[in-house]
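> I'd like to ask you about the structure that follows.
Numbering (the UniProt record's numbering), first residue to last: 1 to 1066.
And the structure:
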């Protein structure tokens, strides 16, 4: 607090501390002491000192007294002048408001009209406080704390004359409907920025989402002046509450609001459900209105911010939007319920224009919510008046819907009147806002009851009822087959029994409201048929001649032709439509077959080659305008489909083609085209995907769809497909040229062995010639001895001993050198040599293993793994071949392991499991190769017999952060399923350290040695024998396994000097 001279502040202003908001100037009003004249106080400020000096006081000096009186007069004049001058310079000085008496037993006071308003008073204000019990008058200056440079202020004083300390809450609600105005309404905001008292502690702001609440404490016998800094120009309401009373009031209103919200929410939900059940368009219109009212109440009651966690600064936007939504949905309800489009087309035009204008208000709300809300309020008031006139006019014409709506609309008008009085400030009551909220819910509730009454009654007012004989006579006037009669006013359709018998329906199923009868129409015919009926009723003339499909009891659709005419009543309105139905299914199907056979495939009903090229040309033409819709051509050709036809018969082949057509049809979107071009070749024009990675993903999806097993009777057929892709690289690409490019890519995929995806590129023409030559060389490679078998060591993880080998086929081409299997196996698959090569590898590996077990040291502990192609596994002859090989070689059980890929287990799970069981019975082991690269079903994994699971090296090479967890999960899964685990790709010492703690049973990789020939394996075993003999005599441990000695990083794990330490060069 700053002390101020009694004559006022210098320059007419008070000094202002940075953190304080008050500067005081005190004037003491005292009565003269008894025994002293009044002038003594002014002449001598220290009379007690004067009494102590009798020499000076017993003999007054007249000249000195006159001088002092003159000086006092001058001082008084100067002080008065300075005070007036300071008052002129000091801005916005407010007089002290009359103190408001606060009594302990009064729970609430309305301060709205008892405070002094200072609008746009600047960033500081000076206030003279009301005199307190001690007679002290203060003048305080308060400076704004908010960001507004020219805020408004409110000043009031509270007086506590009791002996008790009183705690009170100053409450200013953010939104107050009463007095919020129709145009440019006040949509609510935080009202109070700060409150500064003339004495005591500053009021504490309390937490509240819908009001500004401050806690003040009034000491006994005090008068406190409060200066309120406003965030807005107006303060609609401010009150003083006893804390407990305010809490009780909030709780009571919360309960009321919860009840109102609950009723509104249940009503909206119930109307929405009724729309699903009944299918009438009145229900979604009423439900939309109910949801809009629910949203408005959530905003008005402060629940919106709690539910959606939005900032309080957006309340004005949401409130304006909800008021617009109420107006929009009320217009839609009135249009839908009264079915105004049936009366005149102009009603539809007016409704459309109104909806467009109101919908535009949502965009305006982003700019100025206040203007938007004002327009919405006026639109709702106008709708009430216009709607009332329209309802009365239709009710006078006997329209049953309008008649039932009259009472509810009168309640709506009463609600509009009450709301208008409240927002204009003529209806002033604290109960107005909650009462109007409840009234709005009541209006929606009555509208819902009105709609339900009409919908479930099917239209209460009926007229024009005729007996069956008259109905038949009228039908015969139309044309004479099956009778169709629609009572427009009653909204009842009656169809003769012949129509129901033709569809296989029970008697009476085609009788009832029009909406129920329309349910039997094909979805594509309903809207067209309904629009025709409405047009006839509206124009009140013309004839009905419609063809449509109706659903029979078995789910199929039959074609019918309706010919009818409207019948007018005495008032010129259509009261019914009567005519006949004719079953034209046979004629329609014959016409469709003639048209379809010209451009569609007879078997699959897919577009044929001509329609395919036509649609591709159209897509290419559109691509010249819209570059984002370039078509891509996919040619899907089934591999070895001729063999399926020859083996299983043409009927099975047709079934397979139909199945594949359905599968491929489910993969494309409406913009795309699927065609059967010829025999076993399908064509796809893909427009829905443009990115290269999405095209590749789609091709892979098509490939998987073809490879999925097809069940025919008791057999499962497995197919693969070669896919050629062509994408236009120029805008002038023709359809036939693009298809030819895709055919070249398809041919290249075929030459690589099939079951491949190739995209066209110009170099394919040259590469095709090379592949043809390579295929011819492969056919003679076996006879010429160009194919050799190498053996990759498999190491036990526990003691680093050699457990066995994996047989790998190599082709030593006379000109191209060593060719790995990844390059020539696709050619073998395409040329049909894969079976021959697979049997060659299996036979050679089995014979070599038998030789090692008989002649090599520790050979009886070795196993051999042979990788089989999917085509080999799917052949039933594989069982006979394995049985013959095991019989010839005399190998014991579970030493010859047959490997198949995880993809085979996914594509043919049941067949693969049966095959594994039978191989296990023959004595062969098995291994699931490339595990982790597919999506195997756990239900099939748990049905696998005891065997081996090989983790693909790509899982080990993965850079994902969960790689270690994935490896541990696979290892745990394998052990839980009683499967041995092999980790492939252990090529580096760091890989060995990573898999050391996984619990793997076997390891395989270039860290332990490169693939080697049979002679190199023999030398390895001999050297390993000598290495073991140095530690202990072999005779002492005749069954000891061959152990790999420890080694330094970078050296080979197998003690052969010739072995390489890493993977061989490509």
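For every residue, glycine included, the Cβ atom is placed at its ideal position computed from N, Cα and C. All values reported here derive from a predicted model rather than from experimental measurement.
1. Which stretch, first to last residue, makes up the alpha helix (DSSP H) that contains residue 651?
2. Given that a residue counts as buried once 16 or more other Cβ atoms are within 10 Å of its Cβ, and exposed if not, what is residue 203?
3. Would you tell me roughly how many angstroms separate the C-alpha atoms of residue 895 and residue 863, rounded to the nearest one?
4. May I have the straight-line CA-CA distance separating residue 1072 from residue 334, to the nearest angstrom?
5. Name the residue from 698, 709, 713 whose alpha carbon lies nearest to the alpha carbon of residue 724.
6. Specify whether the stretch 485-500 and the stretch 564-579 touch according to this definition: at least 3 beta carbon pairs, one from each stretch, less than 8 Å apart.
7. Which word fits residue 1033, buried or exposed, when buried means at least 16 other C-beta atoms lie within 10 angstroms of its C-beta?
8. Just verifying my parser: in three-state terms, what is the DSSP assignment at residue 212?
9. Check for me: the beta strand (DSSP E) holding residue 517 runs from which residue to which?
10. Residue 153 and residue 266 - do their beta-carbons sit closer together than 8 Å?
11. So, helix, strand or coil for residue 260, using DSSP?
12. For residue 712, collect the residues of the same chain with a Cβ closer than 8 Å to its Cβ; drop the 5 residues on either side in sequence, then sort them by chain order.
13. Between residue 446 and residue 521, what straight-line distance do the alpha-carbon atoms span, to the nearest angstrom?
14. Does DSSP classify residue 926 as helix, strand or coil?
15. Exposed or buried, what is residue 14 when buried is set at 16 or more other beta-carbons lying within 10 Å of its beta-carbon?
16. Compare the C-alpha of residue 946 against each of 872, 925, 963 and name the closest.
17. When we look at the beta-carbon of residue 524 and count the other beta-carbons within 10 Å, is it buried (16 or more) or exposed?
18. Closest to residue 856 by CA distance: which of 1018, 236, 166, 587 is it?
19. So which of 1002, 979, 291 has the shortest CA-CA distance to residue 986?
20. Measuring alpha carbon to alpha carbon, tell me which residue in 684, 428, 414 is nearest residue 616.
21. Quick one: is residue 587 buried, meaning 16 or more other Cβ sit within 10 Å of its Cβ, or exposed?
22. Buried or exposed, going by whether 16 or more other CB atoms sit within 10 Å of the CB of residue 498?
23. When you compare only the Cα positions, how much space is there between residue 812 and residue 837?
24. Tell me, please, whether the stretch 732-744 touches the stretch 845-861 by the rule of three or more beta-carbon pairs shorter than 8 Å.
25. Starting from the N-terminal side, write out each stretch of the alpha helix (DSSP H) that is 4 residues or longer and does not extend beyond the stretch 577-619.
26. What first and last residue would you give for the beta strand (DSSP E) that runs through residue 900?
27. Output needed for residue 245: all residues of its chain with C-beta closer than 8 Å, excluding positions within five of it in sequence on either side, in chain order.
28. If you follow the beta strand (DSSP E) that residue 133 is in, where does it begin and where does it stop?
29. Any idea what DSSP makes of residue 965, helix, strand or coil?
30. Nearest CA to the CA of residue 273: which residue from 284, 506, 263?
31. May I ask you to list the residues that DSSP assigns as paired with residue 915?
32. Distance, Cα to Cα, residue 222 vs residue 200?
33. In this structure, does DSSP put residue 1012 in helix, strand or coil?
34. Looking only at C-alpha atoms, which of 715, 410, 219, 368 sits nearest to residue 165?
35. Output the distance between the C-alpha atoms of residue 701 and residue 930, rounded to the nearest integer angstrom.
36. For residue 116, which beta-bridge partners are listed by DSSP?
The relevant details are as follows:
1. 650-667
2. buried
3. 5 Å
4. Outside the displayed range of the chain (1 to 1066) lies residue 1072, so it cannot be described from this structure.
5. Comparing Cα-Cα distances from residue 724 to each of 698, 709, 713, the minimum goes to 698.
6. Yes, the stretch 485-500 is in contact with the stretch 564-579.
7. With a pLDDT of 44 at residue 1033, under the threshold of 50, the modelled position of this residue cannot be trusted, and the question is left open.
8. strand
9. Boundaries around residue 517 are those of the alpha helix (DSSP H), 514-518, since no beta strand (DSSP E) includes it.
10. Their beta carbons are not under 8 Å apart, which means residue 266 does not touch residue 153 by this criterion.
11. In the structure shown, residue 260 sits in a helix (DSSP, three-state: H, G or I).
12. 648, 652, 655, 656
13. 34 Å
14. strand
15. In this predicted model, residue 14 has a pLDDT of only 30, less than 50, meaning its place in the structure is not dependable; the value taken from the coordinates is given anyway. Buried, since its Cβ has 16 or more Cβ neighbours within 10 Å.
16. Ranking the options by Cα distance to residue 946, first place goes to 925.
17. In this structure residue 524 is exposed. Its beta-carbon is surrounded by fewer than 16 other beta-carbon atoms within 10 angstroms.
18. 1018
19. 1002
20. 684
21. exposed
22. exposed
23. 14 Å
24. Output reads no: the stretch 845-861 does not touch the stretch 732-744.
25. 585-599
26. 896-901
27. 107, 108
28. Careful: residue 133 lies outside any beta strand (DSSP E) and carries neither H nor E.
29. In the structure shown, residue 965 falls within a helical segment according to DSSP collapsed to helix, strand and coil.
30. 284
31. Note: residue 915 sits in no beta bridge, so no partner.
32. 10 Å
33. strand
34. Closest option to residue 165, Cα to Cα, is 219.
35. Rounded to the nearest angstrom, the two C-alpha atoms are 20 Å apart.
36. DSSP, once it has assigned bridges, lists 155 as partnering residue 116.
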